[in-house]
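Q: If you read the sequence shown in the numbering used here, its first letter stands for residue 20, the second for the next number, and so on.
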Amino acid sequence: MARHSESGLPIEPVYGPEALAGWRPEVRLGEPGAYPYTRGVYPTMYTGRPWTMRQYAGFGTAAESNARYRDLIAHGTTGLSVAFDLPTQMGHDSDAVLARGEVGKVGVAVDSVDDMRVLLDGIPLDRVSTSMTINAPAALLLLLYQLVAEEQGVPAAQLTGTVQNDVLKEYIARGTYIFPPQPSLRLTADIFRYCRAEMPKWNTISISGYHMAEAGASPAQEVAFTLADGVAYVRTAVAAGMDVDDFAPRLSFFFVSRTTVLEEVAKFRAARRIWARVMREEFGARDPRSLMLRFHTQTAGVQLTAQQPEVNLARVTVQALAAVLGGTQSLHTNSFDEAIALPTDKSARLALRTQQVLAYETDVTATVDPFAGSYVVETMTDDLEGAAVELMQRVEDQGGAVSAIENGFQKGEIERNAYRIAQETESGERIVVGVNRYQLAEEEPYEPLRVDPAIETRQVERLARLRAARDGGAVEAALAELRTAAEGTANVLYPMKTALAARATVGEVCGALKGVWGTYEPVDAF
């Protein structure tokens, strides 16, 4: 009897040559590093060098996070990935009423250039690639990073890294939006233009399916809604007068990797193929780099359990293996204790060691695309591609990603799938080791990392000192210039940088933009 994948597609007990009868490998596969990029975006993939090993980290104060970054670099991390606290993600300062109780809890608090300076102290920004998971206020954090780099003597043109900058998925799955969709897209286009002129090596967006998957999206939904968002961003930039080949090579993506290895490998391969075709056929991209779906992967936090947390080490290893076999460009492995609290130093180090074992103690880096030609994986790739394309067409039928978001379409589809998963888990149809099968009578005690609640008080005091010491007139003048730019069509990043350099805070800059653009009110779709 056939099982079904996470996307609801059939998985047969046995696959043979008949599964690929009439299948043309030169069309469906191509060569590694060549259209349609099914087999990977680079000809040599990991046979030349392994993927970038990133560890997502950030908590408490900038000084505490800086210490964690230095430790990760000392243990072999090749790229930083910065987590910001919820107030920062929402454009609030640490002393805002809405920030109370959340400062430094799920990431680092960054209110101004002073905090960014501490966060990056001693980090060689000319040699380290940094990914920043920030969306609605992405432009602000990018500019703060640039300002600190320039203070260190590193020119903006040398900086490498990624800013997530994917606000559309916030309306769909995550909720850390600030402005309505249209001005948010305008801000994204301004970032594209700014980076092309000032920071040409920087990846201007990481279009994310990860958070959709964490909210309950199936692999097919994850691919479809992520690529539909990507299409919306490209259309916005083209409509703003940019040539597709001027910005598309700096686009990147961000996906989850689950424990269902075969479907995850198929998902990554299908996503590359769909994106290459869309970029070539809809947008007429000529630069091969514009056709490449380059992506970062994070192992699936939603699959981690607070029960028997050490079992998560096995889950994360399997998830990481799926990402590597699927051809990811960089990878973050979750720590085994993340279902309980922020990772400890030891658990973060173990997560990094998981990647290092895969890279240096297995043979998965010895050959490009190990599953090429596999009866089951090629069939699943085709099936998943078909399901994702059908969903993308449903988004198009509603006028594109933004209109579908405003209609609540993607959110509703994901919520229905999440409900199905919850029902299957509760009934026992879906086995979760340690949760509904193979439980312990009594859980072993575990001491999690705890964030000092006094951090909020210290951060508020730090803000008060900043406001007392800075030139208030210069800040107000810079914010006025920013409001003028937001009311017109000029690139807002230039006056925004001036304001941040004058020590305007994240909350003040976002407040100036809210005064012009307003804030978003969500649609209840379910």
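Even glycine gets a Cβ: it sits at the ideal position worked out from N, Cα and C.
#1: Which class does N331 belong to by DSSP, given the choice of helix, strand or coil?
#2: If A157 sits next to I226, beta carbons under 8 Å apart, how far is it from one beta carbon to the other, in whole angstroms?
#3: Between the C-alpha atoms of E404 and V173, what's the straight-line distance to the nearest angstrom?
#4: Looking at the structure shown, is Q442 part of a helix, part of a strand, or coil, going by DSSP?
#5: Residues in the same chain with beta-carbon distance under 8 Å from R10, minus the five sequence neighbours each way, listed in chain order, please.
#6: Whole angstroms are fine: how far does the CA of P328 sit from the CA of P362?
#7: Would you mind sorting T293 into buried or exposed? The rule is 16 or more other CB atoms within 10 Å of its CB.
#8: Which of helix, strand or coil does DSSP assign to W221?
#9: When you compare each of R277, A487, Y252 to V297 by their alpha carbons, which one comes out closest?
#10: Provide the residue(s) that pair with G23 in DSSP beta bridges, ordered along the chain.
#11: With distance defined between alpha-carbon atoms, name the residue in E170, A82, H230 nearest to R481.
#12: Where M135 and Y190 are concerned, what is the direct C-alpha to C-alpha distance, given to the nearest angstrom?
#13: Counting Cβ pairs, one atom from each stretch, are 3 or more of them under 8 Å apart for the segment 97–106 and the segment 37–57?
#14: Would you call the segment 404–419 and the segment 237–253 in contact, with 3 or more CB pairs under 8 Å?
#15: Under the DSSP definition of a beta bridge, which residues are partnered with F314?
#16: Identify whether V454 lies in helix, strand or coil by the three-state DSSP scheme.
#17: Which one of G537, E540, M515 has the shortest CA to CA distance from L553?
#18: Please confirm if the segment 295–309 is in contact with the segment 430–449, defined as three or more CB-CB distances below 8 Å between the two stretches.
#19: Between P29 and the rest of its own chain, which residues show a CB-CB distance below 7 Å, the 5 nearest in sequence each way excluded?
#20: Around the Cβ of L117, are there at least 16 other Cβ atoms within 10 angstroms (buried) or fewer (exposed)?
#21: Identify the residues that DSSP records as bridge partners of H94: which are they?
#22: DSSP puts V127 in a beta bridge; with which residues?
#23: Assuming the contact rule is C-beta atoms closer than 8 Å, M399 and L281 should be a hit. Round their C-beta distance to whole Å, please.
#24: Tell me Q322's beta-bridge partners as DSSP assigns them.
#25: Can you have a look at R68 and say buried or exposed, based on whether 16 or more other CB atoms are within 10 angstroms of its CB?
#26: Alpha carbon to alpha carbon, how far is N222 from H315? Give it in angstroms, no decimals.
#27: May I have the straight-line CA-CA distance separating E527 from P464, to the nearest angstrom?
#28: Considering only C-alpha positions, which residue in the set R291, R305, G303, A370 is nearest to G320?
#29: What do you get for G180, buried or exposed, if any count of 16 or more other CB atoms within 10 angstroms of its CB means buried?
#30: With A360 and L468 assumed to form a contact (beta carbons below 8 Å), what rounded beta-carbon distance in angstroms separates them?
#31: The alpha helix (DSSP H) with S422 in it runs from where to where?
#32: Can you tell me whether F545 is helix, strand or coil according to DSSP?
#33: Just mark V10 as buried or exposed, buried being the case when its beta carbon has 16 or more other beta carbons within 10 Å.
#34: Which residue from R277, F266, P202 puts its Cα closest to that of A236?
#35: I need the DSSP call for M261, collapsed to helix, strand or coil.
#36: Could you tell me whether the segment 508–524 touches the segment 485–495, where touching means 3 or more Cβ pairs closer than 8 Å?
A: Answer, in terms of the structure:
#1: Within the sequence shown, numbered from 1, the residue matching residue 331 stands at position 312. In the structure shown, N331 sits in a helix (DSSP, three-state: H, G or I).
#2: Taking the sequence shown and counting its residues from 1, one reaches residue 157 at position 138. Taking the sequence shown and counting its residues from 1, one reaches residue 226 at position 207. Going by Cβ atoms, the distance from A157 to I226 rounds to 12 Å, so no, they are not a contact pair.
#3: For the purposes of this step, residue 404 is taken as the residue at position 385 of the sequence shown. For the purposes of this step, residue 173 is taken as the residue at position 154 of the sequence shown. Distance from the CA of E404 to the CA of V173, rounded to the nearest whole angstrom, comes to 43 Å.
#4: For the purposes of this step, residue 442 is taken as the residue at position 423 of the sequence shown. Of the three classes helix, strand and coil, the one that applies to Q442 here is helix, per DSSP.
#5: With the chain covering only 20 through 545, there is no way to say anything about residue 10.
#6: Position 343 of the sequence shown, counted from the start, is the residue given in the question as residue 362. Position 309 of the sequence shown, counted from the start, is the residue given in the question as residue 328. Cα to Cα, P362 sits roughly 12 Å from P328.
#7: Looking up residue 293 in the sequence shown gives position 274. The sequence shown places Ile at residue 293, not Thr. Buried: at least 16 other Cβ atoms inside 10 Å.
#8: As a first step, residue 221 is located in the sequence shown; it is residue number 202 there, counting from the start. Under the three-state reduction of DSSP output, W221 falls in the strand class.
#9: Here residue 297 refers to the residue found at position 278 when the sequence shown is read from its first residue. Among R277, A487, Y252, the Cα nearest to that of V297 belongs to Y252.
#10: The residue you call residue 23 lines up with position 4 of the sequence shown. Contrary to the premise, residue 23 reads as His rather than Gly in this sequence. According to DSSP, H23 shares a beta bridge with P29.
#11: Your numbering for residue 481 matches position 462 in the sequence shown. The residue with the shortest Cα to Cα distance from R481 is A82.
#12: The sequence position of residue 135 within the sequence shown is 116, counting from 1. The sequence position of residue 190 within the sequence shown is 171, counting from 1. Distance between the alpha carbons of M135 and Y190 is about 27 Å.
#13: As far as the Cβ criterion goes, the segment 97–106 does not touch the segment 37–57, which means the pair count is below three.
#14: As far as the Cβ criterion goes, the segment 404–419 touches the segment 237–253, which means the pair count is three or higher.
#15: Here residue 314 corresponds to residue number 295 of the sequence shown, with the count starting at 1. Answer is F272.
#16: Position 435 of the sequence shown, counted from the first residue, corresponds to residue 454. Residue state, collapsed to three classes: coil.
#17: The structure shown has nothing for residue 553, since the chain only spans 20 to 545.
#18: Touching, no, given that fewer than three Cβ pairs across the two stretches are closer than 8 Å.
#19: Residue numbering aside, residue 29 sits at position 10 when the sequence shown is read from its first letter. If we look at P29 and ignore the five residues flanking it on each side, its Cβ neighbours are A21, H23.
#20: Indexing the sequence shown from 1 puts residue 117 at position 98. When all chains shown are included, L117 counts as exposed.
#21: Counting from 1 along the sequence shown, the entry for residue 94 is found at position 75. None, per the DSSP bridge assignment.
#22: For the purposes of this step, residue 127 is taken as the residue at position 108 of the sequence shown. The secondary-structure analysis by DSSP pairs V127 across a beta bridge with G79, F103.
#23: As a first step, residue 399 is located in the sequence shown; it is residue number 380 there, counting from the start. As a first step, residue 281 is located in the sequence shown; it is residue number 262 there, counting from the start. With a Cβ gap of about 6 Å, M399 and L281 count as contacting.
#24: To locate residue 322, count along the sequence shown from 1; it is residue 303. Note: Q322 sits in no beta bridge, so no partner.
#25: Along the sequence shown, read from residue 1 onward, the residue named residue 68 stands at position 49. Taking a 10 Å sphere around the C-beta of R68, we find fewer than 16 other C-beta atoms and assign the residue as exposed.
#26: As a working mapping, residue 315 is identified with position 296 in the sequence shown. As a working mapping, residue 222 is identified with position 203 in the sequence shown. Per the coordinates, the alpha-carbon of H315 lies some 12 Å from the alpha-carbon of N222.
#27: Translated into positions along the sequence shown, residue 527 becomes position 508. Translated into positions along the sequence shown, residue 464 becomes position 445. Take the alpha-carbon of E527 and the one of P464: they are about 44 Å apart.
#28: Along the sequence shown, read from residue 1 onward, the residue named residue 320 stands at position 301. When each option's Cα is compared against that of G320, the closest is A370.
#29: Counting from 1 along the sequence shown, the entry for residue 180 is found at position 161. Per the 10 Å Cβ criterion, buried.
#30: Along the sequence shown, one-based indexing puts residue 360 at 341. Along the sequence shown, one-based indexing puts residue 468 at 449. Indeed, because the Cβ distance is near 5 Å, the residues count as touching under 8 Å.
#31: Taking the sequence shown and counting its residues from 1, one reaches residue 422 at position 403. Counted as a single uninterrupted DSSP element, the alpha helix (DSSP H) harbouring S422 occupies residues 420–425.
#32: If you number the sequence shown from 1, residue 545 lands on position 526. In this predicted model, F545 has a pLDDT of only 48, less than 50, meaning its place in the structure is not dependable enough to derive any value.
#33: Any property of residue 10 remains undetermined from this structure, which presents the chain solely from 20 to 545.
#34: Within the sequence shown, numbered from 1, the residue matching residue 236 stands at position 217. The candidate whose alpha carbon is nearest that of A236 is R277.
#35: Here residue 261 is taken as the residue at index 242 of the sequence shown, counted from 1. If DSSP states are grouped into helix, strand and coil, M261 belongs with coil.
#36: For the pair of segments examined, the segment 508–524 was found to touch the segment 485–495: the number of CB pairs separated by less than 8 Å reaches three.
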